[in-house]
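**Student:** Just passing along the structure, written as structure tokens.
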Amino acid sequence: MPKVKKAKRRDLRPHPYAAAGDGDAMEVVGAAPAEGAVPAGGAAGAAAGGEAAQEGAAPGKETHHDLRRRQVAEWKKMKAEVALMKRQRKKVPGKKNGGKDDKKALSSKIRALISGLRAKHETELRDAGIEVTAEDSGVDAEAYISGEED
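In this text, residue positions in the sequence shown follow the UniProt record's numbering: the first is 1, and each later residue adds one.
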């Protein structure tokens, strides 16, 4: 007879992120700081400035990782908009019913959105002194519109 694996008893294990003796790891310990404690740059400026100061970069300057993270978020948002526009384009009647111009207008908006964001990101990378590689340049706008992307 084959050996049977012993079942793991997960219920007896302590939670990996809970402090010793804590009942709830997500429990709020103290009150949030007052609004006056945030510098004049605002909460976003304070967070970006604090991270930049920790990594040795000049305050107010975006680090390489922050730049890439922001660009990825912008690209993801743009892809959601493009998907919505593609759904709208799909619902427009065909050329027999007079919708060809509307479809072409939506397709050109999609193409402009993709190429505009790609150009913006490439210039930001160049300005930051980061080499723009083929994978940074994104996908081909024509192939992305027609659905022939990887």
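A virtual CB, placed ideally from N, CA and C, is assigned to each residue, including glycine.
So, does the segment 71 to 80 touch the segment 107 to 125, judging by three or more C-beta pairs under 8 angstroms?
**Tutor:** With a cut-off of 8 angstroms, the segment 107 to 125 and the segment 71 to 80 count as touching, because enough Cβ pairs lie within range.
**Student:** Could you spell out the range, first to last residue, of the alpha helix (DSSP H) harbouring Thr123?
**Tutor:** Run containing Thr123: 100 to 127, per the alpha helix (DSSP H) assignment.
**Student:** With a 10 Å radius around its C-beta and 16 neighbouring C-beta atoms as the bar for buried, classify Val82 as buried or exposed.
**Tutor:** By the 10 Å Cβ count, Val82 comes out buried.
**Student:** Looking at the structure shown, is Met78 part of a helix, part of a strand, or coil, going by DSSP?
**Tutor:** DSSP places Met78 in helix when its eight states are reduced to three.
**Student:** Applying the 10 Å Cβ sphere with the 16-neighbour rule, what's the burial state of residue 151?
**Tutor:** The requested residue 151 is not part of the displayed model; the chain covers only 1 to 150.
**Student:** Out of Gly94, Ala105, Tyr17, which one is the CA nearest neighbour of Met85?
**Tutor:** If we check each option's Cα against that of Met85, Ala105 comes out closest.
**Student:** Among Pro2, Lys90, Ile110, which has the Cα closest to the Cα of Ala80?
**Tutor:** Of Pro2, Lys90, Ile110, the residue nearest in Cα terms is Ile110.
**Student:** Going straight from the alpha carbon of Asn97 to that of Ile130, what length do you get?
**Tutor:** For Asn97 and Ile130, the distance between alpha carbons rounds to 49 angstroms.
**Student:** Is Gly94 near Lys103, with beta carbons less than 9 angstroms apart?
**Tutor:** Closer than 9 angstroms, so yes.
**Student:** Going by CA-CA distance only, name the one from Glu62, Ser108, Leu113, Ser107 that's closest to Lys76.
**Tutor:** Among Glu62, Ser108, Leu113, Ser107, the Cα nearest to that of Lys76 belongs to Leu113.
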